[in-house]
Amino acid sequence: MIMRARLITLFVFIASVSSFGQQRERIPLDTVPAHPAIKNKNLLAFPFAVRSLETDWGFGGIAARFFKAKDTTIRTSDINLLGLYTLRSQLILVLSSTIFFPKEDHIARFQASYSYYPDDFWGLGNHTSFQDKEGFSQKQFFINPQFLKRIHGNLYLGVTYEFQHTGPVSYTPGGVFDKQSIPGRHGGNTSGIGPILSWDTRNNAYSPDRGAFAEIQFEYFDQHLGSDFNFRLLSVDLRKFIHLSDKEVFALQGLGGFTFGETPFRKLEELGGADMMRGYYGGRFTDKCLMAYQAEYRRFLFWRLGAVAFASTGEVASTPRKFELDGFHFAYGGGVRFALSKEEKLNLRVDYGIAKHSNAFTVQLREAF
């Protein structure tokens, strides 16, 4: 990748918004405006082309189905499939879903992915030099089902299971992977299970304008569960949405990730990417622990268009004690939104983030948080 991202262009176009069956993600059967020839639209599908820091030019498609249980007062459930192939010979396939059961007393979440991903790595630490970049590639398969049950009000208790298989990392011998003896560079399996505690008062799952979300997950990875690595993972996700007016929202998020033990390469915490610290290459700073914060001002403009401004800060460390007050990295930027479904507030977002040594366009379905 290059010091200043070469992502100068991107285009996203809607190829089809057609209807079938009954299911899928963010557009409910009973709220989407009808096409003259179609009464209900619950299938969203479109191809896209994008250029980004991590991918160079990439081409792919998204298909998403939206549905609600018989209880139409609950949030919309979804099932979606994404495929992407890039000029860096990267292949990514992702199947994901969030299902809200009647009265939202139970929530099921699922994600599975396969990827072959030539990528870049700068070594472990919060102060790695941009000049130390080293290319590598690796294949991986990932599956993560989760199930949550309401225990009181908006408080949920659940369980998460995670399995990941990675092939050997293809890298230049004698480089940073060998010098730092990065666990997992020869591939292997991780298998872990643990509890989830979640509190959710958001009024919308995709682009809320009020409420809060707080979730803590703890995962235990051990050889008795089929893991080649023994380690623990604690993650914290805190979000707050402040309604300023009918057209304005101020959103806040704080993230914490902490791993302990023999953490393999693919389970390390990473700073950067399309959701947090936009502008930094995903994984530009990598280590066993992370904390990051971001704020975003969102404003509706007219028709289906909106605009945002955002800023973020964060750092990584080998242990929680190694975090430094002067170790924070910063990024900022802005973007535009196009409402694919005004009723469900499902947005296509295009952001431009600015960071040290890199700028980045990102395009995603849904908000960053």
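Numbering-wise, the sequence shown is residues 38 to 406 according to my numbering. For every residue, glycine included, the Cβ atom is placed at its ideal position computed from N, Cα and C.
**Item:** For F255, the first and last residue of its enclosing beta strand (DSSP E)
**Value:** 248–258
**Prompt:** For V206, which three-state DSSP category applies?
**Reply:** coil
**Cβ-based neighbour list, S355, same chain, cut-off 6 Å, excluding 5 preceding and 5 following** = D324, K325
**Message:** I'd like to know whether the C-beta atoms of L270 and T296 end up nearer to each other than 8 Å.
**Reply:** yes
**Asked** Do T209 and G231 have their CB atoms nearer than 8 Å?
**Response** For the pair T209 and G231, the CB atoms are not nearer than the 8 Å cut-off.
**Prompt:** Does the region 144–163 come close enough to the region 183–200 to have 3 or more Cβ pairs within less than 8 Å?
**Reply:** yes
**Prompt:** Are the region 92–112 and the region 130–141 touching, with three or more C-beta to C-beta distances below 8 Å?
**Reply:** yes
**Prompt:** K277 lies in the beta strand (DSSP E); which residues open and close that run?
**Reply:** 268–282
**Asked** Which full runs of the beta strand (DSSP E) of 3+ residues lie inside the region 132–204, going along the chain?
**Response** 143–153, 156–158, 171–173, 176–189, 192–203
**Request:** Determine the burial state of L292: buried for a count of at least 16 other Cβ atoms within 10 Å of its Cβ, exposed for fewer.
**Result:** buried
**Asked** So, do the region 270–287 and the region 373–385 have three or more beta carbon pairs nearer to each other than 8 Å?
**Response** no
**Item:** Same chain, Cβ closer than 7 Å to H202, five either side skipped, listed in chain order
**Value:** Q177, F178, N226
**Prompt:** In chain order, what residues of the same chain have a beta carbon less than 7 Å from the beta carbon of R336, not counting five sequence neighbours either side?
**Reply:** K284, E285, G343, A344
**Message:** Closest to T350 by C-alpha separation, out of E361, P357, R341, F367, would be which residue?
**Reply:** F367
**Message:** Please classify T300 as buried or exposed, where buried requires at least 16 neighbouring CB atoms within 10 angstroms.
**Reply:** buried
**Request:** Measure from the alpha carbon of P245 to the alpha carbon of each residue in L80, Q127, A405, N79, then state which is nearest.
**Result:** A405
**DSSP state of H366 mapped onto helix, strand, coil** = Strand, per DSSP.
**Asked** In whole angstroms, what is the alpha-carbon distance linking E91 and G172?
**Response** Going from the Cα of E91 to the Cα of G172 covers about 12 Å.
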